[in-house]
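Student:
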Amino acid sequence: MKKFVRLMVWVALLGVLATGLFANSGALAANEAVPLRIMTDWWVATIPSPDWPEWKAVEKRLGIKLQMEFNMNFSIERLSTMIASGNIPDATLINLQTTPAGYDWINQGAFQPVEKSLRKYAPHLWKALAPGAIQLGSVNGVLYGVPRPRATARECFAIRKDWLDKLKLPVPKTMDDLEKVLKAFVTRDPDGNGRNDTFGFGGENFNTFMVPFFAVGNPYQFAYDSKGQVQYNGISPDAKEGLATLQRWYKEGLIDPDMPTQPGLYSAKVAAAKTGVITPWLDQLRPSEFNPVPQNWQQMRANDPKAQWVMVPILSSSRHKTPKHYQNAGTSSHFFVSSRLRDGKKLEKLFQWWDFWASKAGYEFGSWGLKGLDYEVDAKGNKSLTEEGKKRIYALQCFRQTHLWEAQMQIAADKPENNAIMAKMLKDLSKQSVPYPFIDVAARSKAYVNHWPELFRMQQEAYTQIIIGLKPVDSFDAFARQWRQAGGDELLREMNGIYKK
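Residue numbering for the sequence shown is 27 to 527, as defined by our numbering.
1. Classify Ala156: buried if its beta carbon has 16 or more other beta carbons within 10 angstroms, exposed otherwise.
2. So what does DSSP say about Arg63, is it helix, strand or coil?
3. Please state if the CB of Ala469 and the CB of Val165 are separated by a distance shorter than 8 Å.
4. With Phe137 as the anchor, note down where its alpha helix (DSSP H) starts and where it stops.
5. What would DSSP say about Pro263, mapped onto helix, strand or coil?
6. Using the rule of at least 16 other Cβ atoms within 10 Å of the residue's Cβ for burial, across every protein chain shown, is Met98 buried or exposed?
7. Over the uninterrupted alpha helix (DSSP H) stretch that includes Arg519, give me the two end residues.
8. Output needed for Lys332: all residues of its chain with C-beta closer than 6 Å, excluding positions within five of it in sequence on either side, in chain order.
9. Determine, using beta carbons only, whether Ile185 and Val403 come nearer to each other than 8 Å.
10. Which residues does DSSP pair with Lys409 in a beta bridge?
11. Can the beta-carbon of Ala136 be found closer than 8 Å to that of Ile120?
12. Alpha carbon to alpha carbon, what distance is there between Thr287 and Asp223?
13. With contact counted as at least three CB pairs below 8 Å, one residue from each stretch, are the stretch 450-469 and the stretch 242-260 in contact?
14. When the Cα atoms are used, what is the spatial distance from Lys86 to Leu169?
15. According to the Cβ coordinates, are Gly158 and Ala355 closer than 8 Å?
16. In whole angstroms, give me the CA-to-CA distance for Gly395 and Glu80.
17. Between which two residues does the beta strand (DSSP E) harbouring Leu92 extend?
18. How is Trp78 classed by DSSP in three states: helix, strand or coil?
19. Is the CB-CB distance between Phe183 and Leu373 below 8 Å?
20. To which residues does DSSP link Ser164 through a beta bridge?
21. Pick out whichever of Pro126, Val303, Phe382 and Pro139 has its Cα sitting closest to the Cα of Arg366.
22. In terms of residue numbering, what span does the beta strand (DSSP E) encompassing Ser358 cover?
23. Suppose the cutoff is 6 Å on Cβ atoms and the five residues either side in sequence are ignored; what does the same chain contact list for Ala446 look like?
24. Going by alpha carbons, who is nearest to Ser456 out of Arg145, Glu278 and Val338?
25. Measuring alpha carbon to alpha carbon, tell me which residue in Asp264, Val460 and Pro61 is nearest Val7.
26. Check each candidate in Lys194, Ala504 and Trp478 and name the one with the smallest Cα separation from Asp215.
27. Can you tell me where the alpha helix (DSSP H) with Thr490 in it begins and where it stops?
28. Specify whether the stretch 372-387 and the stretch 199-212 touch according to this definition: at least 3 beta carbon pairs, one from each stretch, less than 8 Å apart.
29. Measure the alpha-carbon distance for Asn444 versus Thr412 and round it to whole angstroms.
30. DSSP beta-bridge partners for Phe211?
31. Taking DSSP as the reference, what is the three-state secondary structure of Phe248?
32. So Ala421 and Pro76 are supposed to be a Cβ contact under 8 Å. How far apart are they, rounded?
33. Output yes or no for whether 8 Å exceeds the beta carbon distance between Thr66 and Met108.
34. Among residues of its own chain, excluding the 5 on either side of Gly46, which ones have a beta-carbon nearer than 8 Å to its beta-carbon?
35. Examine the ligand GTP and report whether any of its heavy atoms sits within less than 7 Å of the Cβ of Ile340.
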């Protein structure tokens with residue numbers, strides 16, 4: 027009987043859908059649903075299903091029949107096989123910064139230009155795109171990629187505020203302050219369980235944790251020196267100094283011992299609420315129970331409901347009183363439209379799909395889902411997520427790949443005061459950052475495409491060995507020479523020709 031009642035509730039929800047769920051966001055599409063095949067990435071356990079009412083609601087709203095394919099962690103092997111076979115979806119999500127072969131696929135004719143369709147069918151999305159996102163997705167001035175918008179600055183420190191309060195410590199303002207906090211988190215039992223089982227500093231990977239630490243920019247990015255020459259942050263004196271500090275911290279037990287060598291354990295330790303300082307993306311941390319982030323964060327809140335985090339922008343150091351770093355591109359990846367897709371109706375529907383999520387209607391639906399299933403409304407008209415909604419809303423992020431980033435940070439389902447905190451952090455981080463002039467290096471430099479994977483691997487290996495003490499800090503000089511000899515010098519010469527000031 028319960029199963030029958032539950033089935034009737036879901037049928038009723040779909041009935042509501044058919045009678046005007048989206049009445050305020052435009053007329054329903056034509057009766058004949060247009061099929062769309064879209065490949066995207068995915069990063070959490072829960073994947074939405076075509077039988078979800080939310081899935082059917084979006085299909086009904088846009089007049090489409092949606093086929094979603096999920097390429098976990100941007101598998102290059104899967105993308106390469108797909109391109110070689112010619113079995114290319116209508117739209118495919120590719121991270122050009124980690125898969126520079128995407129530019130080769132563009133030049134081979136696998137994908138078609140998109141600016142005309144973006145302007146015509148996706149005006150909300152077009153207006154929201156950062157210049158760097160457009161530049162990164164272009165070849166010879168022609169835009170091929172539909173950007174998935176992200177903030178241009180979102181790396182920060184996150185510190186357990188409840189631990190700071192318990193130990194009567196102020197929020198750190200400098201790297202020296204941070205070191206004192208780390209020592210206290212490791213030695214003074216901040217969670218009060220009487221055991222020495224807390225970690226000071228932890229991170230998921232070098233890319234995220236190095237940016238706020240170095241205070242001069244991502245060590246995996248390029249920069250102009252005082253003479254206007256392109257140099258590489260990863261082999262600079264600042265990088266060596268930063269590694270020396272990290273090695274000392276590692277020896278003193280201030281860094282999670284598994285972090286440099288087993289980053290996969292990071293999620294479990296965050297879930298266990300045992301790490302005091304992390305370097306997440308800004309959107310991974312909200313001060314409320316509504317937290318649209320992967321399951322490890324939700325588990326952390328369950329394991330320690332009192333856990334509170336304070337977000338801190340990049341800290342100053344003795345060498346760098348005013349921290350500055352380059353901005354991100356304003357996108358983490360792009361959707362590419364198959365050159366074989368020539369049906370005008372399908373093209374229109376595809377771009378309307380992306381534009382919907384960048385519109386107010388799409389934002390509201392992505393934040394709340396369906397009334398009665400994902401949220402309820404009280405007598406005063408206030409919405410609140412149901413327990414089911416809290417589980418499902420984040421799974422809908424695979425739909426919301428083209429949401430307006432600033433709107434995403436101001437989540438409708440959260441409290442106004444929490445949204446204000448996020449807005450302030452975005453503003454503070456933006457003040458510390460400047461546009462990255464080498465956004466499109468993979469599109470313009472053959473040396474980058476040829477050498478970057480090996481140069482990146484060399485750097486990861488050298489950094490790890492130095493941090494954990496397998497090699498002395500001075501071995502950094504040998505690594506820098508090897509980096510140059512392995513194609514780094516060729517890359518810098520080519521970049522100085524391309525980006526000469």
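Backbone N, C-alpha and C define an ideal beta-carbon position, used for all residues, glycine too.
Predicted model only: the values in this text are computed from it and were never measured.
Tutor: Well, looking at it:
1. Burial of Ala156 is indicated by the presence of at least 16 other C-beta atoms within 10 angstroms of its C-beta.
2. Looking at Arg63 - three-state DSSP - the assignment turns out to be strand.
3. Cβ atoms of Val165 and Ala469: closer than 8 Å.
4. For Phe137, no alpha helix (DSSP H) run applies, since DSSP gives it neither H nor E.
5. Residue state, collapsed to three classes: helix.
6. By the neighbour-count criterion, in which a residue is buried when 16 or more other Cβ atoms sit within 10 angstroms of its Cβ, Met98 is exposed.
7. Its alpha helix (DSSP H) spans residues Asp515 to Ile524.
8. Only Asp188 meet the Cβ criterion.
9. Taking C-beta atoms as the reference points, Ile185 and Val403 fail to come closer than 8 Å.
10. Residue pairing of Lys409 in beta bridges, as defined by DSSP: Val403.
11. With contacts defined as CB atoms closer than 8 Å, Ala136 and Ile120 fail to qualify as a contacting pair.
12. Straight-line Cα distance between these residues: approximately 19 Å.
13. With the cut-off at 8 Å, the stretch 450-469 and the stretch 242-260 touch.
14. Taking C-alpha positions only, Lys86 is separated from Leu169 by approximately 30 Å.
15. Judged by beta-carbon spacing, Ala355 lies within the 8 Å limit of Gly158, meaning their Cβ atoms are closer than that value.
16. Looking at the two C-alpha atoms, the distance is approximately 7 Å.
17. If you look at Leu92, you'll find it in the beta strand (DSSP E) that goes Ile90 to Phe96.
18. The answer is coil: DSSP assigns Trp78 none of H, G, I, E or B.
19. For Phe183 and Leu373, no; Cβs fall outside 8 Å.
20. In the DSSP output, where bridge partners are listed per residue, Ser164 has Leu169.
21. It is Pro139.
22. Unbroken beta strand (DSSP E) run through Ser358: Thr357 to Val363.
23. Nothing listed; no residue qualifies.
24. Of the listed residues, the one whose Cα sits closest to Ser456 is Val338.
25. The question about residue 7 has no answer here: the residues shown for the chain are numbered 27 through 527.
26. Ranking Lys194, Ala504 and Trp478 by Cα distance to Asp215 puts Lys194 first.
27. That run of the alpha helix (DSSP H) goes Lys472 to Ile493.
28. No, they do not touch.
29. Approximately 19 Å between the Cα atoms of the pair.
30. BP columns for Phe211 are empty, so no partner.
31. Note: Phe248 maps to strand in three-state DSSP.
32. For Ala421 against Pro76, the beta-carbon gap comes to about 13 Å, at or over 8 Å, which does not count as contact.
33. Contact annotation: Thr66 and Met108 have beta-carbon atoms that are not nearer than 8 Å.
34. The predicted position of Gly46 is uncertain, since its pLDDT is 41 and thus under 50; a value taken from the coordinates is nonetheless stated next. Excluding its 5 nearest sequence neighbours in each direction, Gly46 has no C-beta neighbour in its own chain below 8 Å.
35. Because no ligand of any kind appears in the structure shown, any question about the ligand GTP cannot be addressed here.
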